[in-house]
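Here the structure is laid out as C-alpha cells; the discussion comes afterwards.
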Amino acid sequence: MLSSKIVSFCQGKNWWFDDIEPTYRDALLRIGVDVSSDFSQFYLHVEDGPTFTSRNGEIYQICWFLNNSDYDGRLRVVRDVLKIPEPYIPLDSFSGERGYFCNTETGEVFDIGLGDSLRDFLGGNMKARWNGFNEFIEWFFDI
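For reference, each letter of the sequence shown is one residue, going 0 to 142 in numbering that gives the first Met the number 0.
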C-alpha cells in the first residue's frame with residue numbers, strides 16, 4: 000500500500016486519480032507486474048504527464064510509456080544489452096549512463112550506472128539503495 004504521505008502529496012499536486020485507467024492496468028499486467036503492489040498503485044493512480052520531475056531527476060509515468068512509446072523496446076535493450084534480469088524495470092531514461100531500476104517483485108529500487116556499478120549489480124554484490132518503492136518515491140519527491 001502506498002504511504003499516506005505519498006497519497007497526500009500527490010493529491011495536493013492534483014496528480015492523484017481515484018479511477019484507474021483500464022489500459023494502464025492492462026499494460027502492467029502485460030509486463031507481468033502485480034497490480035496490487037506499491038509500484039503499480041503509484042502508477043495506476045498518479046499522473047502528471049509522461050514524466051515526473053523533481054530536484055532528484057526525472058522518472059517515467061511507466062503506464063503512459065507502456066501505452067504511448069516503445070517502452071517494450073527499451074525493456075528488450077535493458078535485458079539484451081545491459082543483461083538486467085526480468086523483474087527489474089527502468090524507471091527513467093538512463094541518461095548520463097545511470098538510472099533507477101525497480102525490482103517489481105520486491106519493490107526494491109537500485110541506482111545503477113555503467114561500469115563497476117553494473118558489474119556489482121549483475122554479480123549480486125549491490126544492495127538496493129531504497130528497500131521499497133514507497134521509500135524511493137518519498138526520496139524522489141522530497142516528501
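Just so you know, even glycine gets a beta-carbon here, dropped at the ideal spot from N, CA and C.
- Pairing Met-0 with Asp-37 gives a Cβ-Cβ distance under 8 Å.
- Within the DSSP secondary-structure output, Trp-129 pairs in a beta bridge with Val-108.
- According to DSSP, Gly-56 shares a beta bridge with Ser-53.
- Its Cα nearest to that of Leu-81, the residue Phe-100 stands out among Asp-69, Phe-100, Asn-66, Asn-67.
- One Cα belongs to Leu-113, the other to Pro-84, and the distance between them is close to 15 Å.
- Under the DSSP assignment, Pro-84 falls outside any alpha helix (DSSP H); it carries neither an H nor an E label.
- Look at Asn-67 here: in three-state DSSP terms it is helix.
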